[in-house]
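**Q** Below you'll find the structure I mean.
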Amino acid sequence: MDIEKRAQQLTERLRYIRDIFAGRHAGVIAQLNARLDDFFQNLAEGHLAGSDPIIELGLLEEQFLAAERRLDAELTPMEKVRIVRHPQRICLRDILENVYDNFTEIGGQEEHSIDPSMVIARATITRRRGKKKYNQLIMVIGQEKGHGEEFRNGGSVKPWGNAKARHFMQVAETENIPIHTYVFTPGSYPIEDYPGAAQQIASNLYEMAGLSVPIVAVISEGGSGGAEAIALADRRLMLSHGYYSVISPEGAAAIQGRLKGQGRATPELIAHCAAQLRMTAADNLSFGYVDRVVQEPYLGARPQHYDFFRTLRQEIIRATDEAVISVRPFSPLRRLTLRRWGREDVNLDEVYLRWNLSDSAREKLVAKRQKKFLRLSRGACIDRRPALNLVRKSLRESWESTSAKLKYVLYTKHQQRLTNFFDESVSLALWLKERLLNPFSSKPLRPRLKPETVRELTTLSDWDESESRKGRWAYVSPRAREDRTVTCPNAATHGCMDLWAPDLYGEFAGVCTSCGHHFPMEYQWVVNNVFDPGSVREFNTEVESDNPLGFEGLSELLEKARQKTHLKSACVTFEAKLEGTKMIVAMLVANFRGGSVGAAEGQKFVEAAALAEKKHYPFLAYVHGTAGIRIQEGTHGVIQMPRCTVAVRRYIEAGGLYMVLYDTNSYAGPVASFLGCSPYQYAMRSSNLGFAGPGVIKETTGLEIPPHYHSAYKALARGHIQGVWDRREARANLQQLLLTAGGRNLYYR
Amino acid sequence: MLDISTLLEEIKASPYEEIVIRAPHTGIVTFSDLKPGDRVQGKTGRWKEIPGTRIATLTRERNPKPVEAPLKGELREISSEFEGQFVEAGTQLAVLRHFLSRDEVIDILLRHALHLFPAPERAKYYFVPQIDTKVKVSGCQSVTVQQGMELLIMSRMKRETPVYYTGPGGIIYAVYFKHNENVDAGRPLIGVCSKEQLPVVEELVLRVRTEWKEVF
Chain A
1 MDIEKRAQQL
11 TERLRYIRDI
21 FAGRHAGVIA
31 QLNARLDDFF
41 QNLAEGHLAG
51 SDPIIELGLL
61 EEQFLAAERR
71 LDAELTPMEK
81 VRIVRHPQRI
91 CLRDILENVY
101 DNFTEIGGQE
111 EHSIDPSMVI
121 ARATITRRRG
131 KKKYNQLIMV
141 IGQEKGHGEE
151 FRNGGSVKPW
161 GNAKARHFMQ
171 VAETENIPIH
181 TYVFTPGSYP
191 IEDYPGAAQQ
201 IASNLYEMAG
211 LSVPIVAVIS
221 EGGSGGAEAI
231 ALADRRLMLS
241 HGYYSVISPE
251 GAAAIQGRLK
261 GQGRATPELI
271 AHCAAQLRMT
281 AADNLSFGYV
291 DRVVQEPYLG
301 ARPQHYDFFR
311 TLRQEIIRAT
321 DEAVISVRPF
331 SPLRRLTLRR
341 WGREDVNLDE
351 VYLRWNLSDS
361 AREKLVAKRQ
371 KKFLRLSRGA
381 CIDRRPALNL
391 VRKSLRESWE
401 STSAKLKYVL
411 YTKHQQRLTN
421 FFDESVSLAL
431 WLKERLLNPF
441 SSKPLRPRLK
451 PETVRELTTL
461 SDWDESESRK
471 GRWAYVSPRA
481 REDRTVTCPN
491 AATHGCMDLW
501 APDLYGEFAG
511 VCTSCGHHFP
521 MEYQWVVNNV
531 FDPGSVREFN
541 TEVESDNPLG
551 FEGLSELLEK
561 ARQKTHLKSA
571 CVTFEAKLEG
581 TKMIVAMLVA
591 NFRGGSVGAA
601 EGQKFVEAAA
611 LAEKKHYPFL
621 AYVHGTAGIR
631 IQEGTHGVIQ
641 MPRCTVAVRR
651 YIEAGGLYMV
661 LYDTNSYAGP
671 VASFLGCSPY
681 QYAMRSSNLG
691 FAGPGVIKET
701 TGLEIPPHYH
711 SAYKALARGH
721 IQGVWDRREA
731 RANLQQLLLT
741 AGGRNLYYR
Chain B
1001 MLDISTLLEE
1011 IKASPYEEIV
1021 IRAPHTGIVT
1031 FSDLKPGDRV
1041 QGKTGRWKEI
1051 PGTRIATLTR
1061 ERNPKPVEAP
1071 LKGELREISS
1081 EFEGQFVEAG
1091 TQLAVLRHFL
1101 SRDEVIDILL
1111 RHALHLFPAP
1121 ERAKYYFVPQ
1131 IDTKVKVSGC
1141 QSVTVQQGME
1151 LLIMSRMKRE
1161 TPVYYTGPGG
1171 IIYAVYFKHN
1181 ENVDAGRPLI
1191 GVCSKEQLPV
1201 VEELVLRVRT
1211 EWKEVF
């Protein structure tokens, strides 16, 4: 019986090898197959009677192991992708059963859950010190692929699944227990139904950026935004055969091969893209996006690899301990512990470290996590700022920060008191004056009105010249010079007449006079017409987009974009004034590689947020258009999601006002992180925003998407944004928002 | 009495509708790479969001605008002599032969076989509450109408007016209006047939469903 079972396991191993290599190493596989067949034949015919079948089987197992070892060394990135997607791959349930001593699934059971692809469990790890036992509580959160269970949706979590994860993160924070997250997802389920894929991921990232309990993330299959939803952690471990990428190799191949609709990329192109994306554990460790790699057995961990679970348990405990120790008050004893913990031979089950933190340690933990993410990917873009300039800039910013503190915190606070005192005194004096001049009447004295006030109050109001630009704009689109007409896309349904280009782009600000459709305008139009004339001062222009992975063709594309737009990256950051109120603006320009966000754009955004914080200015993210994260930058791109969200959270918590205004089309990673987490998001009419475009939704979910699914009004109805604006009123609306919204530290308050 | 066979034979003799595609406005016309006999598609997609096959492009004031097939069918004629020329609004650009589908044939036949009660004004229409309940519970064919009967409510500009049925008595065979949707003046609201004619109409529909072959 035992022999049959072990032989059966070998058959399974062979099938697994065949699946992983998909035609490669056919010779080795055929050899193993022949030996296994011989063994079965001999066993059936009784030819093994002379020798011990257990020894024969042991030899065969060794041959399998040797072959696996040899094949493991030659694994390509695409084969690693096949490993993590294989039904035999370990899943979260296996980890809960084998790594933790006890667990209770919460937030649903099996298919009876709001989203079975997101599993939450309360688990314990028992550690011993001598005879004494310590049960340490943990909140485990992760995507569950199951072993081929259909209802798990392959670990593709719906927005409400991510909302559930966020809820239980808050529970863990309340209970002051660490969180272990396990990333097993090919990507998030890209639908916009409330709470919306993008907006919920953004919300999760925002939450994790300030969660005051230790978070340890373990990445097996880290598919872009879906992974980020639970992976902003103090310690990020990665399984050696896993992948962590901005996009699936198939998606990258479809983009690289410019395939649309029914077109399918060739396996060679997919494998080529997988290699170019540098998505393996070793790559991510070298970039610094994961802290440690957990070595798996040859050809990846499967549920029968009990030794691996022991290793994972040790690594998880070590990572949690490290996160905790790093924020505890430092002492020689801690230094010793920290050094000792790093050693592989230490059995961490036999040492004990308390995982709950004091209030000060919790604050330190959050600050440490935030700083860690802000430091990432700095080398992945070109920074041509001379060292001297950087020093000068740093000094200037420090001075500005200090002066802002002096000015806005000390002076403004007292100034406000003085103003209040003065206002009250004047009011009292006026009242006294009235009583003295008219002591016996209860009627107030009739104020003497100026003739113009009387005219204003008694005649019909005049046209206010100052309120309307009457089509006179500071910047006029070059398209206004073309002598041609333009058809509104709503002409068939709304009966719009053709518009003459000089009228449309010159006078009407790109807005159809009949239906109000907004045609896309140049980013310069916004810069010059929304902000005060002459107030715009661009900074960090020397930060340039690069090709950090050496992705084929990207350098040429970037060069073309530079020549076309005269920009060095898709993010333009500047200081500007709006009706005299100074503000910092980070603008994603659609004309530069679709407004995609890479390391340079992230760096500029982070620095803009930091500057706004230092200067106590409001911070506006103006999204002229963004197609998402720049996939050719791989994880250098996707890491901008947590990184920029951290920057935004720091700014908001410092008391700033972070506003987002979407123009044209905004999709994917940026919306699912640093844009979507803003409490004040607005969109221009006719803009579209969401997580994935209709084509991607249809391909990944099979759902037919109705027209206008991503429109600004739909986003408003779903509660993703706070309002829809007319482009011509953007300036007035922004001014109104500055006056009515925002935190405590804005200078103009 | 309704003569089903004659009606059906008439439609079978010309099982298509010829649609003349004309220039919607002046402009220089450029035809797509199509020739007579080619099949074209009308608007498709679940929400009719995918436009029909482009037949020509009409450029006016440097603004190229597509002229698309309104329905699926076969191109009979293309006025290729106008290629690259300036044409007036209303100039014939192509003739499309649209082969009738089963539902379209049934619709045509029913319009002949039934008495159609038209909408007096462009408005939203609802059945009066008693009839509405009956329609919802037992279907429209359970309702018998007669001359002068208060049948519908016309809702327009927050004004609700009763509509009285005029025409021969019978049962409601088909309802052509939808809840909360405007119906243009003159469009049919309901189709009525006499009780005696009901089996004949049902047979007619059945015959079309079984006998009619859709071309494509």
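First to last, the protein sequences are chains A and B. Note that the working numbering gives residue 524 to position 524 of the first sequence, counting from 1, and the numbers run on in steps of one. Each number in the working numbering corresponds to the 1-based position in the second sequence with 1000 added. Every residue gets a Cβ at the ideal spot worked out from N, C-alpha and C, and that includes glycine. Remember, it's a predicted structure, so these values are computed and weren't measured experimentally.
1. Does chain B have any CB closer than 8 angstroms to the CB of A:D193?
2. Going by C-alpha distance, which of B:I1172, B:F1031 and B:P1118 is nearest B:V1067?
3. Counting C-beta neighbours from all protein chains within 10 Å, is the total for A:L57 16 or more, i.e. buried, or is it exposed?
4. If we define contact as Cβ-Cβ less than 8 angstroms, is B:E1068 a contact residue for chain A?
5. Is the CB of B:N1182 under 8 angstroms away from at least one CB in chain A?
6. So, at 8 angstroms on beta carbons, what are the nonlocal neighbours of A:L36 in its own chain, with the 5 sequence-adjacent residues on each side left out?
7. Tell me, please, whether the CB atom of A:P706 is closer than 8 angstroms to any CB atom in chain B?
8. Out of A:S224, A:N102 and A:Y182, which one is the CA nearest neighbour of A:A202?
9. Grab the span of the alpha helix (DSSP H) containing A:Q681 for me, first residue to last.
10. Bridge partners of B:E1018, per DSSP?
11. If you measure between the beta carbons of A:I629 and A:A668, is that distance less than 8 angstroms?
12. Could you tell me whether the Cβ atoms of A:T626 and A:Y206 are closer together than 8 angstroms?
13. Measure the Cβ-Cβ separation of A:N529 and A:W473 and say whether it is below 8 angstroms.
14. Give the DSSP-derived three-state secondary structure of B:A1069 in the structure shown.
15. Using only alpha-carbon positions, find the residue among A:G196, A:I83 and A:E173 that is nearest to A:E755.
16. Identify which residue in B:K1178, B:G1191 and B:R1159 has its Cα closest to the Cα of B:G1170.
17. Report back the beta-carbon spacing between A:A612 and A:I639 to the nearest angstrom; my notes put them in contact at under 8 angstroms.
18. Decide if A:T740 is buried, meaning its Cβ has at least 16 other Cβ atoms within 10 Å, or exposed.
19. Could you work out which residue in B:E1181, B:P1036 and B:A1069 is closest to B:G1052 when comparing CA atoms only?
20. Determine the direct distance from the alpha carbon of A:Y244 to that of A:Y505, and round the result to whole angstroms.
21. If I measure Cβ to Cβ from B:I1108 and keep anything under 7 angstroms in the same chain, skipping five residues before and after, which residues do I get?
22. From the beta carbon of A:V526, is the nearest beta carbon of chain B less than 8 angstroms away?
23. Does the CB of B:R1060 have a neighbour CB from chain A at under 8 angstroms?
24. Please report how far the alpha carbon of A:S555 lies from the alpha carbon of A:R69, in whole angstroms.
25. According to DSSP, is A:V293 part of a helix, a strand, or is it coil?
26. Candidates A:V606, A:V536 and A:K614: which alpha carbon is nearest A:G580's?
27. When we look at the beta-carbon of A:P439 and count the other beta-carbons within 10 Å, is it buried (16 or more) or exposed?
28. I want to verify the contact list: residues of chain A whose CB lies under 8 angstroms from the CB of B:K1043, in sequence order.
29. Could you name the residues of chain B that A:T701 contacts, counting a contact when the two beta carbons are closer than 7 angstroms?
30. Does chain A have any CB closer than 8 angstroms to the CB of B:R1122?
31. DSSP three-state call for A:K568: helix, strand or coil?
32. Please report how far the alpha carbon of A:S248 lies from the alpha carbon of A:G187, in whole angstroms.
33. My understanding is that A:H735 touches A:L578, with C-beta atoms under 8 angstroms, so please give their C-beta distance in whole angstroms.
34. Who does A:H820 pair with in a DSSP beta bridge?
35. Leaving aside the five residues before and after A:V366 along the sequence, list all residues of the same chain whose C-beta is less than 6 angstroms from its C-beta, in chain order.
36. Among residues of its own chain, excluding the 5 on either side of A:G148, which ones have a beta-carbon nearer than 6 angstroms to its beta-carbon?
**A** Checking against the coordinates, here is how it stands:
1. By this cut-off, A:D193 is not an interface position.
2. Comparing Cα-Cα distances from B:V1067 to each of B:I1172, B:F1031 and B:P1118, the minimum goes to B:F1031.
3. With 16 or more other Cβ atoms within 10 Å, it is buried.
4. Judged by the 8 angstroms Cβ criterion, B:E1068 is not in contact with chain A.
5. Chain A contact via Cβ: absent.
6. Apart from sequence neighbours up to five positions away, the residues of its chain that approach A:L36 with a beta-carbon distance below 8 angstroms are A7, L10, T11, L14 and L60, ordered along the chain.
7. Interface residue, yes.
8. Closest by alpha carbon: A:S224.
9. Run containing A:Q681: none in the alpha helix (DSSP H); it sits in the beta strand (DSSP E), Y680 to M684.
10. In the DSSP output, where bridge partners are listed per residue, B:E1018 has B:R1097.
11. Contact annotation: A:I629 and A:A668 have beta-carbon atoms nearer than 8 angstroms.
12. Between A:T626 and A:Y206, the C-beta gap is not smaller than 8 angstroms, which leaves the two residues out of contact.
13. A:W473 sits close to A:N529, with the two beta carbons spaced by under 8 angstroms.
14. Note: B:A1069 maps to coil in three-state DSSP.
15. Since the first and last residues shown for chain A are 1 and 749, residue 755 of chain A lies out of range.
16. Minimum Cα distance to B:G1170 is reached at B:G1191.
17. Not quite, the Cβ-Cβ distance comes to about 22 angstroms (not below 8 angstroms), so this is no contact.
18. By the neighbour-count rule (16 or more Cβ atoms within 10 Å), A:T740 is not buried but exposed.
19. It is B:A1069 whose Cα lies nearest to the Cα of B:G1052.
20. Near 44 angstroms, if we compare the C-alpha coordinates of A:Y244 and A:Y505.
21. If we look at B:I1108 and ignore the five residues flanking it on each side, its Cβ neighbours are I1011.
22. Against chain B, the CB of A:V526 has no partner CB under 8 angstroms away; the residue lies outside that interface.
23. So yes, B:R1060 belongs to the interface.
24. Distance between the alpha carbons of A:S555 and A:R69: 38 angstroms.
25. For A:V293, the secondary structure class from DSSP, reduced to helix, strand or coil, is strand.
26. Across the set A:V606, A:V536 and A:K614, the C-alpha of A:V536 shows the shortest separation from the C-alpha of A:G580.
27. Classification for A:P439: exposed.
28. In chain A, no part has a C-beta under 8 angstroms from the C-beta of B:K1043; the shortest such distance is about 10 angstroms.
29. The contacting residues do not exist; A:T701 stays about 15 angstroms from chain B at best.
30. Taking Cβ atoms only, chain A never reaches closer than 8 angstroms to B:R1122, which makes this a no.
31. Correct three-state label for A:K568: coil.
32. Pairing A:S248 with A:G187, the inter-Cα distance amounts to about 8 angstroms.
33. The displayed chain sequence assigns Gln, not His, to residue 735 of chain A. That belief holds up - the Cβ atoms of A:Q735 and A:L578 are roughly 6 angstroms apart, short of 8 angstroms.
34. No answer is possible for residue 820 of chain A: the residues shown for chain A start at 1 and end at 749.
35. The beta carbon of A:V366 is closer than 6 angstroms to those of G210 and S212 in its chain, skipping five residues each way along the sequence.
36. Excluding residues within five positions, the ones whose Cβ falls inside 6 angstroms are P87.
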